Amino acid sequence: MFGDTLPSGYLSDEEYMLYERLYGAPLRRTRPEDVGFGSFGESEEGDAAGVAKNALLRETLHGGLEEVEYASQSVPRLEAGDEEALVEELLTARPPSGTQLEYIEANANNQREYDALLQLQKDFEAARIVAVQDAVVTAAQEAASEAQLGEEEIDQEFEDEEEGEQEDPDDTEPDAQLLDWYPGQEGPRQHQYTMEGQFRTSPSTLQLPNVDFVEPITELLRRTDTKHIRTTAEKHFGGAGLPHSPATPRSGRNLPQKGLGLEAGHHRMSEIDADAFIATALPGIYASVTSTLVEVRKRLGPEWLRGLLKRKDADGQGPRVLDAGAGGAGLAAWQSVLQTEWDILRDNQEGAQPDPAPSGKRTVIVGSNQLRHRISRFLENTQFLPRLPNYTHSVENMDKQLDAPEVPQKRKVYDIIIATHLLMPLEKNYRRRDVLDNLWSLLSPEGGVLIMLEKGHPRGFEAIADVRARLLEDFIVPPTPEGAPEAIEQDVERIREPGMIVAPCTNHSKCPMYLNPGTSPGRKDFCHFSQRFIRPPFLQRILEAKHRNHEDIDFSYIAVRRGMSASNPAPTESISSITEGNSEPVGVKPLRQGVEATARAFAGYEDVASDSSDRPHPLSLPRNILPPLKRKGHVTLDLCTPAGTIERWTVPRSFSKQAYHDARKARWGDLWAMGAKTRMRRTVRLGRGIAEGEVIPQDGGVRATRAINSGKKGRPKVVDLDYDGKGVLSGRPRGLVGQRPERRTKRGRKPPRARNLKEEEEEEEEEE
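As structure tokens, then:
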């Protein structure tokens, strides 16, 4: 127990002689630390030493806090005559602690060892009290000296502050005023126009609303086993990783490019199918729709959304929204954006009541009853329709019908239509055109906004690009100064209306990535964007994801506004006016488009003030269609310009300090207003078009080149025909194309081939 040591008086004389004969003489007398008493007293000594240290917090010149120690006026000292009495009093009044007694009871084997441990305890306590007394006196002396030094430092700092109030000549340099868009803000800052052109949510990684979205869905899925949901989701969405869901996993990029395997408009959907759709499809659709709504709000300005909040007519109060294809996720995303705008309005008004935003008229297309019952639990004040209303022919041709009423019934129109994943499931082009016609008939002609969204792969982009081309040709008059070219064949049944493409395009000409209509195999470059979001726990369990809890959703979309054009001077509200509480609009010049807008954007708007009439319009700026290439000393931006071309702009460090700083912070999808030093046309890899009679450009892609030259390679197909004067008797391709090879004999000889019809007829004639 005591090792090679021995306590004093522990053994008698006879026992000590026997101990020395068997084990030898002990090394030394047993000390308290040999049995563990030293570890029990260290913390108490430290606490006692810290009692005499008093500290206060003082604010520094830079706004931080520092600790200043000071000494108390009276420090207790022990007199020489009272030392022994105090030690005896502490020893009798302070028995061993519970931890020490437990340690003694656990190691003492008999009463003798227990008595020895108690004596060691008393010796340790006596030594500890003396050490504590010395530590208290030493700490008091150190605190007094430090307090005196602290007073000298305070006096020196006050003198430095008085000297610092004088004007510094370095503050008048131009570099001191750089990036001064937000007075009082610390750290790196971007130009105002760069911040206004950002394509991202805040924060950039989207967090799904917990109370209104995640918790209701989690409660719905409690009654269903996760394994059953995973099996059903993999059945409908293309297997592991769900490549045919709204997500675009890298593992499924070589699979056929399809739309959603399970749509919200399906009428036959079981309960487990509804659970799988809610758990796997809704989070991704919510993230992509939120990203598009935030971008539309930025491009149209806050007055667009605030005007919808103040709308009040016979249909009710608030905006009228239609969710087609998103299964309620579009309405949930719209409600989040609307509530945020409502909170901003409420904060700007003093004494406003914390009432919720006006819900307006909300409609969602859901075909299955099982899905409708589940979605209705977290969507309040919502109307559910089993299918999309069709007013294309009944409303527009009302005056041509014989039994038409004198006063036609007012049709349903919506201020916002969110149409997601409706085109990819339709293989025929005429069916896609019917969907667009129907959605346009439901859109309000007084500034209604139509948002169409598909998956972010080449087939999804081609579906959106076809919608864009048809909108420009048949539906709207683009706000270009030179006007749109007239088509050779005019549609007499449809009248084109003023309108504009809100996002993502900044031009109203032919899409530079969709020069050849239709499907293009081998396409490598296409317009799409990405939004990252945090997966909810139920989706994380379904995917069995363990390494990361976020996901990037790729999507292609277009947002178009009906009835209002951007050609007239439109008031816009800058970010600086919002932060400063100033809601007065700032006027801008008429919209620039085409080559003029591209040249002006290349020169840059860095020196244009925010309140100037020459401030850039969002439709006059190029947009990043790919992630910027950030290299040492320069940044390369791949931009889609207002002239309808794909160009590569280079922003080196020597061009501009502000522009280079913002280029390093630029991201995929942002508008660029800081200009560049060099520009060049970028070759777009469009793949191989399948339309007949059209010239296919050599875009330099490996797959596209192979697809174009595929017809030149290989031997020509030769067909052997047997005919006579009456006509062709038989025909077969030369070789074994499409036929099973005949089996050889054991000796390697081929069996005789079947004779043709001509030889058989000749033999029959000879026999007759």
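Taken in order, the sequence shown gives residues 1 to 768; the numbers are from UniProt numbering. Even glycine gets a Cβ: it sits at the ideal position worked out from N, Cα and C. Given the structure is predicted, the values throughout are model-derived calculations rather than measurements.
Of the residues assessed, G261 falls on the buried side of the cut-off, its CB having 16 or more other CB atoms within 10 angstroms. The beta-bridge partner set that DSSP reports for G499 consists of R562. When the Cα atoms are used, W342 and A324 turn out to be separated by approximately 24 Å. Apart from sequence neighbours up to five positions away, the residues of its chain that approach A279 with a beta-carbon distance below 8 Å are I217, L221, I229, A233, F538, L539 and I542, ordered along the chain. Nearest Cα to E215 within the set R653, Q257, R535 and G669: R535. Rounded to whole angstroms, the separation of the alpha carbons of G265 and A274 is 11 Å.
For E454, the number of other beta carbons within 10 angstroms of its own is at least 16, and it is reported as buried.
By the C-beta criterion, the region 444-454 is judged to be in contact with the region 416-431, since at least 3 inter-stretch pairs fall below 8 Å. Taking the Cα of V718 as reference, the smallest distance to any Cα among R732, Y16 and K726 is reached at R732. Each residue's CA atom was taken as its position, placing K312 and T224 some 43 Å apart.
Q317 sits exposed, since fewer than 16 C-beta atoms from the chains shown fall within 10 Å of its C-beta.
Around the CB of H508, 16 or more other CB atoms lie within 10 Å, so the residue is classed as buried. With distances taken between CA atoms, M269 lies nearest to R374 out of V289, R374, L206 and A357.
Annotation for L388: A324, I365 and N438 place their beta carbon closer than 7 Å to its own, counting only its chain and skipping 5 residues before and after. Uninterrupted beta strand (DSSP E) stretches at least 3 residues long and entirely within the region 235-296 do not occur.
Per DSSP, I375 is one residue of the alpha helix (DSSP H) stretching across N369 to I375.
Per DSSP, R664 is one residue of the alpha helix (DSSP H) stretching across K657 to K665.
With at least 16 other beta carbons inside 10 angstroms of its own, H457 counts as buried. With a contact defined as Cβ atoms closer than 8 Å, L686 and D552 miss out at about 25 Å.
Apart from the 5 residues on each side of it in sequence, H550 sits with its Cβ closer than 6 Å to the Cβ of R532 and I534 in its chain, given in chain order. In the structure shown, the three-state DSSP call for G330 is helix.
Counting of Cβ neighbours within 10 angstroms places K298 among the buried residues, the total reaching 16 or more. According to the DSSP assignment, F533 belongs to the beta strand (DSSP E) that extends over F529 to I534. The C-alpha of L426 is placed about 44 Å away from the C-alpha of R346. Excluding its 5 nearest sequence neighbours in each direction, L27 has C-beta neighbours in its own chain below 7 Å: D4 and T5, listed in chain order.
Between the region 609-619 and the region 647-664, the count of Cβ pairs shorter than 8 Å is below three; the stretches do not touch. Taking the Cβ atoms as the reference, E462 lies roughly 6 Å from T519, within the contact range of under 8 Å.
Between L300 and V477, the C-beta spacing is not below 8 Å.
P319 and F384 have their alpha carbons spaced roughly 17 Å apart.
Boundaries around D720 are those of the beta strand (DSSP E), V719 to D724, since no alpha helix (DSSP H) includes it. Here the alpha carbons of Y23 and D115 stand approximately 23 Å from one another. Around the beta carbon of R250, fewer than 16 other beta carbons lie within 10 angstroms, which makes this residue exposed.
Selection P246, R615, H661 and C505 evaluated against V296 yields C505 as nearest (Cα-Cα).
Per the coordinates, the alpha-carbon of G327 lies some 9 Å from the alpha-carbon of F277. For E462, the enclosing alpha helix (DSSP H) starts and ends at P458 to R470.
Y391 sits close to R411, with the two beta carbons spaced by under 8 Å.
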